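Step one of this worksheet: look at the structure below.
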């Protein structure tokens with residue numbers, strides 16, 4: 007398995023600048039951006055699936071994947087005879103989400119025919135993003151679940167998370183709480199360990215539904231009810247939008263294929 011390239015330079019600033027150029031260059035390709043945005047669903051993908059997403063030959067996809075591995079943006083995980091690719095971690099997902107936010111400012115507003123489900127609620131790697139997620143983050147700050155700057159969960163927040171059957175007492179090495187800039191709303195949603203735990207709990211308790219191959223999520227009746235009760239959030243219009251037609255057998259789809267994504271071709 008390829009490992010990220012390490013740069014040695016006589017001056018630390020030169021080394022850092024050289025490393026930044028390497029990461030930026032790895033992302034400065036439409037096919038590689040499509041791969042990265044597809045991996046934002048938090049799942050591990052095969053080279054064949056990523057080749058289909060980018061519409062390039064398998065050999066070309068392999069070269070792109072090696073470039074992303076060398077830059078430290080993704081890792082390859084071997085399981086038996088199969089190899090899977092995923093983002094290196096939540097910090098890379100946050101980087102991509104921030105770049106999406108910057109890129110979103112440069113494009114016109116989506117056409118009215120664009121599905122609104124992606125902006126309403128979607129996954130951002132392992133946590134919830136979109137309009138609903140931004141409202142949840144704002145409600146948590148207002149109700150005192152998190153500190154004003156969003157860098158930590160308060161004692162009250164720990165109690166409130168526990169009431170939702172979410173235990174934040176053992177965050178591990180990951181930051182317990184942080185604000186993640188939402189590319190479509192250009193405001194913060196909840197990231198870190200707390201954000202991942204919240205999405206996991208919503209999923210486990212049947213408050214939302216997901217469809218394989220898509221980042222969009224839809225809230226169930228129970229989810230809509232709890233959003234209103236816990237966070238005083240009322241979803242506008244159709245609270246549980248219908249998912250699009252299932253993908254054909256063997257087909258895959260990344261977020262980059264959605265016309266609403268700033269990384270669409």
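In the numbering used here, the protein residues as written are 7 to 271. Built from N, CA and C at the ideal position, the CB exists for glycine as well. These numbers were taken from a predicted model, which means no experiment stands behind them.
TODO: With a threshold of 16 other CB atoms inside 10 Å of the CB of residue 37, please say whether the residue is buried or exposed.
DONE: Buried: at least 16 other Cβ atoms inside 10 Å.
Task: Rounded distance between the beta-carbons of residue 240 and residue 234, thought under 8 Å - done: Sure, about 6 Å apart at Cβ, within 8 Å.
Task: Whole beta strand (DSSP E) elements within the stretch 140 to 210, 3-residue minimum - done: Runs of the beta strand (DSSP E) inside the stretch 140 to 210: 184 to 187, 194 to 197.
Open item on the list: Buried or exposed, going by whether 16 or more other CB atoms sit within 10 Å of the CB of residue 59?
Closed with: Classification of residue 59: buried, given that the 10 Å Cβ count is 16 or more.
- [ ] Please report the residue range of the beta strand (DSSP E) in which residue 128 lies.
- [x] Residue 128: member of the beta strand (DSSP E) spanning 128 to 130, first to last residue.
Open item on the list: With the cut-off set at 7 Å, would you say residue 133 and residue 78 are in Cβ contact?
Closed with: No, the pair does not count as a contact, with Cβ atoms beyond the cut-off.
TODO: Would you kindly work out how many angstroms separate the C-alpha atoms of residue 89 and residue 226, rounded to a whole number?
DONE: Annotation: residue 89 to residue 226 spans about 35 Å, alpha carbon to alpha carbon.
Task: Exposure label - residue 129; buried when at least 16 CB within 10 Å - done: The residue is buried, with at least 16 neighbouring Cβ atoms inside 10 Å.
- [ ] Classify residue 195 as buried or exposed, calling it buried when 16 or more other Cβ atoms lie within 10 Å of its own Cβ.
- [x] Counting of Cβ neighbours within 10 angstroms places residue 195 among the buried residues, the total reaching 16 or more.
Open item on the list: Taking the alpha carbon of residue 273 as the reference point, which residue from 19, 48, 72 has its own alpha carbon closest?
Closed with: Outside the displayed range of the chain (7 to 271) lies residue 273, so it cannot be described from this structure.
- [ ] Kindly give me the distance between the Cβ atoms of residue 107 and residue 35, rounded to whole angstroms, as I take these residues to be in contact under 8 Å.
- [x] Residue 35 and residue 107 do not touch by the CB rule: their CB atoms are close to 20 Å apart, not below 8 Å.
TODO: Using the Cα positions of residue 72 and residue 66, report the straight-line distance between them to the nearest angstrom.
DONE: Counting only the Cα atoms, residue 66 lies some 10 Å from residue 72.
TODO: Return the Cβ separation of residue 159 and residue 151 in integer angstroms, given the expectation that the two are a contact with Cβ distance under 8 Å.
DONE: By a beta-carbon distance limit of 8 Å, residue 159 contacts residue 151. Their separation comes to about 7 Å.
Task: Delimiting residues of the beta strand (DSSP E) encompassing residue 134 - done: Going by DSSP, residue 134 is part of the beta strand (DSSP E) stretching over 133 to 135.
Task: CB of residue 100 within 7 Å of CB of residue 74, strictly - done: Going by C-beta atoms, residue 100 is not nearer than 7 Å to residue 74.
Open item on the list: Applying the 10 Å Cβ sphere with the 16-neighbour rule, what's the burial state of residue 103?
Closed with: It counts as buried.
Task: Pairwise C-alpha distance: residue 157 and residue 26 - done: Distance from the CA atom of residue 26 to the CA atom of residue 157, rounded to whole angstroms, is 26 Å.
Open item on the list: Alpha carbons only, please: which of 45, 191, 83, 166 is nearest the one belonging to residue 237?
Closed with: Considering only alpha carbons, the answer is 166.
Open item on the list: Which residue marks the beginning of the beta strand (DSSP E) containing residue 85, and which one marks its end?
Closed with: Segment 80 to 85, the beta strand (DSSP E) holding residue 85.
Task: Cut-off 6 Å between Cβ atoms - residues of its own chain near residue 64, not counting five sequence neighbours on either side - done: Only 57 meet the Cβ criterion.
Task: Reduced DSSP category for residue 52 - H, G, I as helix; E, B as strand; rest coil - done: Of the three classes helix, strand and coil, the one that applies to residue 52 here is coil, per DSSP.
Task: residue 81 classed as buried or exposed, judged by whether at least 16 other C-beta atoms fall within 10 angstroms - done: A residue is called buried once 16 or more other Cβ atoms fall within 10 Å of its Cβ, and residue 81 is buried on that count.
- [ ] Please work out which residues of its chain come closer than 7 Å, Cβ to Cβ, to residue 94, disregarding the five sequence neighbours upstream and downstream, and give them in chain order.
- [x] 78, 79, 80, 81.
Task: As assigned by DSSP and simplified to three states, the class of residue 214 - done: Correct three-state label for residue 214: strand.
- [ ] Kindly give me the distance between the Cβ atoms of residue 214 and residue 229, rounded to whole angstroms, as I take these residues to be in contact under 8 Å.
- [x] The beta carbons of residue 214 and residue 229 sit about 5 Å from each other, so the pair counts as a contact at 8 Å.
- [ ] Please go through the same chain and pick out, in chain order, the residues whose beta-carbon is closer than 7 Å to the beta-carbon of residue 20, but skip the five residues on each side of it.
- [x] Excluding residues within five positions, none has a Cβ falling inside 7 Å.
Task: Distance between residue 91 and residue 52 (C-alpha atoms, nearest Å) - done: Cα-Cα distance, rounded: 6 Å.
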